[in-house]
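Written out below as structure tokens is the structure these notes cover.
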Amino acid sequence: MKKRKWPETWQEVSPGCIVAAPANAREYLTGSWKAQHPVWDDGKCIKCGLCYIFCPEGCIRETEKGFFAADLDYCKGCGICAHECWPGAITMVQEG
Amino acid sequence: MAKRVGMEVAIAASEAVALCNIDMAAVYPITPQSHIAEHLSDIVADGRIDAEFVTVESEHSAISCVAGACATGARVYTATSSQGLMLMHEILPIVSAMRLPVVMGIANRAVSGPLNILNDHTDIMSQRDCGWVVLFVENGQEAVDLTIQSFKIAENKDVMLPTCVNIDGFQLTHMVEPVEFPDQKLVNKFLPPRKPYATLHPDKPVTMGTFAMGDIFPEVMKAKDEALKGAKKVVLDVFAEWKKLFGREYKLVETYKTEDAECVFVTMGSMGETAEVAVNELRKAGVAAGLVKIRLWRPFPFEEFRAAIGKAKLLMVMDRAIVHGGMGGPVSVEIKSALYGEKNPPAVHDYIMGLGGRDVAVDDFEAMAKKSLEAYRKGVEKDYEFYGVRG
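One line per chain: the protein sequences are B and X, in this order. Residues in the first sequence are numbered consecutively from 0, following numbering that gives the first Met the number 0. Residues in the second sequence are numbered consecutively from 0, following numbering that gives the first Met the number 0.
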């Protein structure tokens, strides 16, 4: 699909802000909203996968080595993964 | 030449809608709009037009229902009054932001409380900033003509904005007036089938009513504002085409005996005709009075208004609503903005009158002119006044 120009000028916005093609929500990188991002300490991680289960964005994936990582393009920085991680392997780090 | 018939204006407005080849209507009855709802329902039930009439459970549903149908590409109509318009409020800015050419008739009625069913303009004025094209009519013929024109204005590809036609409740809606209906074939020529920008169809999926954060929301608002301002040119084009096809001429701002006028009344809606009589009476008494009638309220025709008042030294603005805690009525506030920065602007005297159906007769216009002229000649600044209020 043709890549949409972003951000658009007011002249370029489609009338009524219509999105003319389906299935392109993934192009909207909601990760830009976050104020903090999660950082994993694999030394403390027990590979239980609770972070993967609880992530409301579904942006946490298992890596090849069986640890976990977030896709920061979509992570909103809510911190639920860090809250649920009982071994304390996830730390929320301030953006910027 | 089409035949003139005597008809109640609300009935005539729904007959005008029937000429417009609408696909659906959703109208929840409310006084004084009810006759529009009932008669349009009759027209559909009698099979006179091929359209759906959806009997919704509220005005919130009525506007939501026509918005949805409009998004599929249908030509739609709804109508309401007062509390019904209040209930629609949540959806009104959404319809304009989604650029859906919904047409709505508003039988203007006072907003509660106290509970009242009679005419003033407090209903539409409370919805002033929703991004709709707003027209006011003065008589039954205008109600018919502007209802038909509204579809053409709203659906224009450079506008794509909802449009409402304000018809004073009771004062107009319940009057029997002589009305000339345009010929159906000519209306078809004037108003061809709608060509929607996009439709909701499974073969070509689109997303309407999208979510937008601060990174795009202001651009959408600016686009809507530009479209609304640009609607003025389209309204002028539609008026010009109407004159060519049907012979009746409309202006954004109408003038009556303003050429040499020293003091000028400013009205919107049905009181314009009463004011005309008052101007004639005042002129008989040697007062150089004139009258300016605003037909297009949004977008406000600033240039046309400034041109219309000519060299008048005193404007007497008739406001059928109040901006509580502000500087008077909404029309006078707008006019003061329009005159800001002008060299030697006229004095603007604002009269809040006709609220909740209080009658405003020829005598009242004459009395207001007398008051204003006395103050003006003494050089007294005049604040806004609730005309005729006891105490």
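C-beta atoms are modelled at their ideal positions from N, C-alpha and C, and glycine is treated no differently.
Assigned secondary structure, residue i (DSSP; H/G/I helix, E/B strand, else coil)
i: residue 103 (chain X); result: strand
i: residue 279 (chain X); result: helix
i: residue 144 (chain X); result: helix
i: residue 11 (chain X); result: helix
i: residue 126 (chain X); result: coil
i: residue 81 (chain B); result: helix
i: residue 391 (chain X); result: Given that chain X is displayed from residue 0 to residue 390, the structure contains no residue 391 (chain X) and the question cannot be resolved.
i: residue 119 (chain X); result: coil
i: residue 317 (chain X); result: strand
i: residue 32 (chain B); result: helix
i: residue 0 (chain B); result: Note on residue 0 (chain B): pLDDT 45, under 50, position unreliable in the model; the coordinate value appears next. The answer is coil: DSSP assigns residue 0 (chain B) none of H, G, I, E or B.
i: residue 93 (chain B); result: strand
i: residue 240 (chain X); result: helix
i: residue 21 (chain X); result: coil
i: residue 52 (chain X); result: strand
i: residue 387 (chain X); result: coil
i: residue 3 (chain X); result: strand
i: residue 110 (chain X); result: coil
i: residue 16 (chain X); result: helix
i: residue 75 (chain B); result: coil
i: residue 12 (chain B); result: coil
i: residue 234 (chain X); result: helix
i: residue 217 (chain X); result: helix
Segment limits, beta strand (DSSP E) that includes residue i
i: residue 68 (chain B); result: 67-69
i: residue 348 (chain X); result: 346-351
i: residue 133 (chain X); result: 132-135
i: residue 61 (chain B); result: 59-61
i: residue 253 (chain X); result: 252-255
Limits of the alpha helix (DSSP H) - the one that residue i falls within
i: residue 200 (chain X); result: Counting along the chain, residue 200 (chain X) falls outside any alpha helix (DSSP H), and DSSP gives it neither H nor E.
i: residue 50 (chain B); result: 49-53
i: residue 338 (chain X); result: 329-338
i: residue 375 (chain X); result: 361-376
i: residue 37 (chain X); result: 33-44
Chain-ordered neighbours of residue i on chain D, where CB pairs are closer than 8 Å
i: residue 7 (chain B); result: The displayed structure is made up of protein chains B and X, and chain D is not among them.
ask   = Counting pairs of Cβ atoms below 8 Å between the stretch 108-123 of chain X and the stretch 256-265 of chain X, do you hit three or more?
value = no
query = Which residues, taken in chain order from the stretch 76-102 of chain X, show a beta carbon closer than 8 Å to some beta carbon of chain B?
reply = Answer set for the stretch 76-102 of chain X: 96, 97, 98 and 99.
task = Counting only runs of 4+ residues fully inside the stretch 257-315 of chain X, write out the alpha helix (DSSP H) ranges in chain order.
result = 270-283 and 301-307, all fully within the stretch 257-315 of chain X.
query = Are the stretch 58-68 of chain X and the stretch 124-134 of chain X touching, with three or more C-beta to C-beta distances below 8 Å?
reply = no
query = Which ranges does the beta strand (DSSP E) cover as unbroken runs of at least 3 residues, wholly within the stretch 56-103 of chain X, from first to last along the chain?
reply = 75-79
Interfacial residues, the stretch 191-218 of chain X to chain B, with Cβ spacing under 7 Å = Only those residues of the stretch 191-218 of chain X whose C-beta falls short of 7 Å from the nearest C-beta of chain B are listed: 196, 197, 204, 205, 206, 207, 209, 211, 214, 215 and 218.
key: Segments assigned alpha helix (DSSP H), at least 4 residues, entirely inside the stretch 148-199 of chain X   = Here the runs fully enclosed are 183-189.
inquiry  = So if I threshold CB-CB distances at 7 Å, which residues from the stretch 11-38 of chain B count as touching chain X?
reply    = 12, 14, 15, 16, 17, 18, 19 and 21
message = What are the residues in the stretch 149-171 of chain X lying within 8 Å of chain B by C-beta distance?
response = 159
task = For the stretch 94-108 of chain X and the stretch 156-172 of chain X, state whether three or more C-beta atom pairs, one from each stretch, are separated by less than 8 Å.
result = Touching, per the Cβ criterion.
query = Does the count of Cβ pairs from the stretch 73-92 of chain B and the stretch 30-45 of chain B closer than 8 Å reach three?
reply = yes
request  = Assess, as a yes-or-no matter, whether the stretch 59-73 of chain B is touched by the stretch 2-15 of chain X under the definition of 3 or more beta carbon pairs within less than 8 Å.
outcome  = no
Three or more C-beta pairs below 8 Å linking the stretch 335-351 of chain X and the stretch 379-388 of chain X = yes
query = Given 8 Å as the limit, is there contact between the stretch 75-83 of chain X and the stretch 128-145 of chain X, that is, 3 or more CB pairs closer than that?
reply = no
query = For the stretch 229-240 of chain X, which residues have a beta carbon sitting closer than 9 Å to at least one beta carbon of chain B?
reply = none
Members of the stretch 54-73 of chain X near chain B, C-beta cut-off 8 Å = Listed by position along the chain: nothing, the set is empty.
request  = Spell out a yes or no on whether the stretch 329-339 of chain X and the stretch 239-253 of chain X are touching, meaning 3 or more CB-CB pairs, one atom from each, closer than 8 Å.
outcome  = no
request  = Pair every Cβ in the stretch 47-62 of chain B with every Cβ in the stretch 2-20 of chain B, then say whether three or more of these pairs are closer than 8 Å.
outcome  = The stretch 47-62 of chain B makes no contact with the stretch 2-20 of chain B, as fewer than three CB pairs between them are under 8 Å.
key: Validate contact between the stretch 323-334 of chain X and the stretch 273-281 of chain X using beta carbons, cut 8 Å, 3 pairs   = no
query = Quick one, which residues of the stretch 70-88 of chain B are near chain X if we go by CB-CB under 7 Å, in chain order?
reply = none
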